[in-house]
Amino acid sequence: MHFPSLKELSARGTRKWTVYDEDVIPLWIAESDFLTAPAVKEAIQEAVDAESFGYTPAPKASELNAAVADFYETRYGWRPKHVFWIGDVVRGLLLGVQYFTEGPVAVPVPSYPPLLELPETAGREKIETSLELADIERAFQAGAGSILLSHPYNPLGIVFDEEWLRGLVALADKYDARILSDEIHAPLVYKGRHIPLASLSDRVITVTATSKAWNTAGLKCAQVILSNSADVARWNGLTGVAKDGTGTLGVLAAEAAYRKGVDFLDEEVEYLKDTRDWLVDELPKRVPGLKTSRPEATYLLWLDFSETAIGDNPKPAAWVREHAKVALNEGVTFGTGGEHHARLNFATSRELLEEALVRLEKAFH
353 MHFPSLKELS
363 ARGTRKWTVY
373 DEDVIPLWIA
383 ESDFLTAPAV
393 KEAIQEAVDA
403 ESFGYTPAPK
413 ASELNAAVAD
423 FYETRYGWRP
433 KHVFWIGDVV
443 RGLLLGVQYF
453 TEGPVAVPVP
463 SYPPLLELPE
473 TAGREKIETS
483 LELADIERAF
493 QAGAGSILLS
503 HPYNPLGIVF
513 DEEWLRGLVA
523 LADKYDARIL
533 SDEIHAPLVY
543 KGRHIPLASL
553 SDRVITVTAT
563 SKAWNTAGLK
573 CAQVILSNSA
583 DVARWNGLTG
593 VAKDGTGTLG
603 VLAAEAAYRK
613 GVDFLDEEVE
623 YLKDTRDWLV
633 DELPKRVPGL
643 KTSRPEATYL
653 LWLDFSETAI
663 GDNPKPAAWV
673 REHAKVALNE
683 GVTFGTGGEH
693 HARLNFATSR
703 ELLEEALVRL
713 EKAFH
C-alpha cells in the first residue's frame with residue numbers, strides 16, 4: 353500500500369489531523385491514511401468535472417442498491433432485497449431505535465461511543481450488558497425491546513461466529529426483540545467470512561457504509577438494509593425530514609467502491625492484517641506490561657494499560673498524549689470496562705507507526 357506524505361496527510365484537514373497539535377501522532381479516530389481508492393476518486397472527479405452538485409438523480413437509487421446487493425452476495429454469500437439510503441450509520445441506527453423498536457435498549461459494553469448515546473437521544477432507557485448471551489438474555493428479561501450491536505465488534509475487533517449469532521437471534525425470537533446491527537466494519541474481516549445478521553433473521557435492521565473500508569465518512573452516504581415487508585412499509589412511511597441526508601457525491605462514491613473498489617479493499621485488508629500482527633508482537637516489547645487485543649476485523653487495537661507503569665491511571669490515553677505525543681482514544685469513552693484501556697487506529701503507514709512505537713518506548717522507560 354502507498355501512503356501520502358506526512359505533509360499531505362496533515363493537509364487533508366480532516367478531524368483526525370486537526371484536533372491535536374502538529375507534534376502529536378494521531379492514532380485515534382477511525383479514519384484511515386490510505387490513498388483514496390482509484391475508482392472512488394475517479395467517480396468523484398467525474399462528478400466534479402460535470403458539476404453534479406444538485407440533488408441525487410432517481411436512477412442512482414436502483415444503481416447503488418444493486419451495487420450493495422451484489423457486493424453482499426459476492427462477499428458474504430447473502431443477497432439483501434431491501435436497501436435504502438441514510439446520511440450515516442449512526443443516523444440510521446437512531447431511526448431504527450425511534451421508529452422500529454419499543455422499550456429500553458440493550459447495549460453491550462465496552463462499545464462504540466455513539467451506541468451508548470443513542471438510547472438517551474431516542475428517549476429510551478439504556479441497559480448495559482456484556483457480550484455473554486446469558487447477560488443479554490437478562491437485559492431482555494429486564495424489558496429491553498432491542499439490542500444495538502456493532503458487528504464486527506468495535507472496539508474489541510471480534511468477528512462473531514454463527515453459533516453466537518444464532519444464539520442471539522434465538523433470544524430475540526424468545527423475547528420478541530429487535531436487533532440493530534452496525535456492519536460498517538464488515539469488509540475489514542481478516543479470516544473467514546462475515547455473516548450478515550439479517551441472513552439469519554428478519555428481525556434485524558442492518559446499517560452499513562463504505563466509510564471505514566474506503567475512508568468516505570465525510571461524503572455522507574450509508575445504507576439501511578431491511579428484511580421484512582412491514583419494516584419496508586414503515587420506512588417508506590417516514591418523512592423526508594427523518595430519513596434524508598445523503599449527498600450526490602456520497603452516492604456516487606459508494607457505488608464506485610462496491611462495484612470497482614474490491615481489489616483495492618483486498619490489498620488494504622492484507623496490509624492491515626500484516627500490520628496488526630506486527631503491532632501485536634511489537635507493542636508489548638516497547639511498553640512493558642501492555643496487553644493488546646488481536647482483532648479479527650477492523651483496524652483498531654484495544655490496549656490494556658492496567659499492568660504497565662501507569663496501571664493506576666484509569667485514563668491512559670491522556671497520559672500517553674502528554675508524555676509520548678501519540679493520540680489514542682480514551683477507553684472510558686467506550687463505557688463500562690474501558691477503564692485503564694485505550695484504542696489505537698493502525699490504518700496508517702509502518703513508518704508513522706514505528707515512530708509512535710519509539711515514542712511510547714521512550715515514555716515508558
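Position 34 of the sequence shown, counting from 1, maps to 386 under my numbering, and the rest follow consecutively. In this text, a Cβ means the ideal position worked out from N, Cα and C, and glycines have one as well. Since we're looking at a predicted model, the values are computed, not measured.
Determine the direct distance from the alpha carbon of TRP654 to that of ARG555, and round the result to whole angstroms. Taking the straight line from one Cα to the other gives about 30 Å.
Of the choices GLU648, GLY687, VAL684 and HIS675, whose alpha-carbon is the least far from that of ASP375? HIS675
State the Cα-Cα distance for the pair TYR464 and ALA382, rounded to the nearest angstrom. TYR464 and ALA382: Cα-Cα distance of roughly 11 Å.
Please report the straight-line C-alpha distance between THR437 and LEU470, rounded to a whole angstrom. The residue you asked about is not Thr; residue 437 is Trp in the sequence shown. Looking at the two C-alpha atoms, the distance is approximately 19 Å.
For LEU523, tell me which candidate among GLY544, ILE547 and ILE488 has the shortest Cα-Cα distance. ILE488
Ignoring anything shorter than 4 residues or poking outside the region 577-648, list the alpha helix (DSSP H) runs there in chain order. 581-589, 592-595, 600-612 and 614-638
Can you look up ILE488 in the DSSP assignment and give me helix, strand or coil? helix
Considering only residues of the region 477-538, which uninterrupted beta strand (DSSP E) runs meet the minimum length of 3 residues and lie entirely inside it, listed in chain order? 478-481, 498-502 and 530-534
Just to check my reading of the structure: TRP587 and LEU578 have Cβ atoms closer than 8 Å, yes? What is that Cβ distance to the nearest angstrom? Yes, TRP587 and LEU578 are in contact; Cβ-Cβ is about 6 Å, under 8 Å.
Report the option in LYS478, LEU571, ASN580 and GLY497 whose CA atom is closest to the CA atom of ILE396. LEU571
Provide the residue(s) that pair with LEU652 in DSSP beta bridges, ordered along the chain. For LEU652, which the question treats as bridged, DSSP gives the partners ASN697.
Could you check the C-alpha separation between LEU520 and GLY497 for me, to the nearest Å? 13 Å
Do VAL559 and ALA649 have their beta-carbon atoms positioned less than 7 Å apart in this structure? no
Starting from TRP420 and walking both ways along the alpha helix (DSSP H), at which residues does that stretch end? First, the residue type needs correcting, since residue 420 is Val and not Trp in the sequence shown. Its alpha helix (DSSP H) spans residues 411-428.
8 Å Cβ shell around ALA494 - same chain, five flanking residues per side excluded: PRO456 and ILE479
From the DSSP output, which residues share a beta bridge with PHE436? Answer is VAL576, bridged to PHE436.
Exposed or buried, SER581, counting other C-beta atoms within 10 Å across all chains shown (16 or more means buried)? exposed
Of the listed residues ASP385, GLY365, TYR505 and THR568, nearest to ALA391 (C-alpha basis): THR568
List the residues that DSSP assigns as beta-bridge partners of GLU682. Under DSSP, the beta-bridge partners assigned to GLU682 are ALA694.
So, for GLY732: in the same chain, excluding its five sequence neighbours on each side, which residues have a beta-carbon less than 7 Å away from its beta-carbon? Because the chain in this structure spans residues 353 to 717, residue 732 falls outside the shown range and cannot be described.
What first and last residue would you give for the alpha helix (DSSP H) that runs through ALA670? Residues 668-676.
Compute the Euclidean distance between the alpha carbons of ARG628 and ARG476, then round it to the nearest angstrom. In this structure, the alpha-carbon of ARG628 lies about 37 Å from that of ARG476.
Select from LEU652, ASP626 and ASP656 the residue whose C-alpha is nearest the C-alpha of VAL639. ASP656
For ALA669 and GLY683, which I take to be in contact (beta-carbon distance under 8 Å), what is that distance rounded to the nearest angstrom? 7 Å
ILE377 bridges to which residues according to DSSP? VAL678
Relative to the C-alpha of ASN417, which candidate in ARG427, PRO432 and ASP401 has its C-alpha closest? Each of ARG427, PRO432 and ASP401 was checked against the Cα of ASN417, and the nearest Cα belongs to PRO432.
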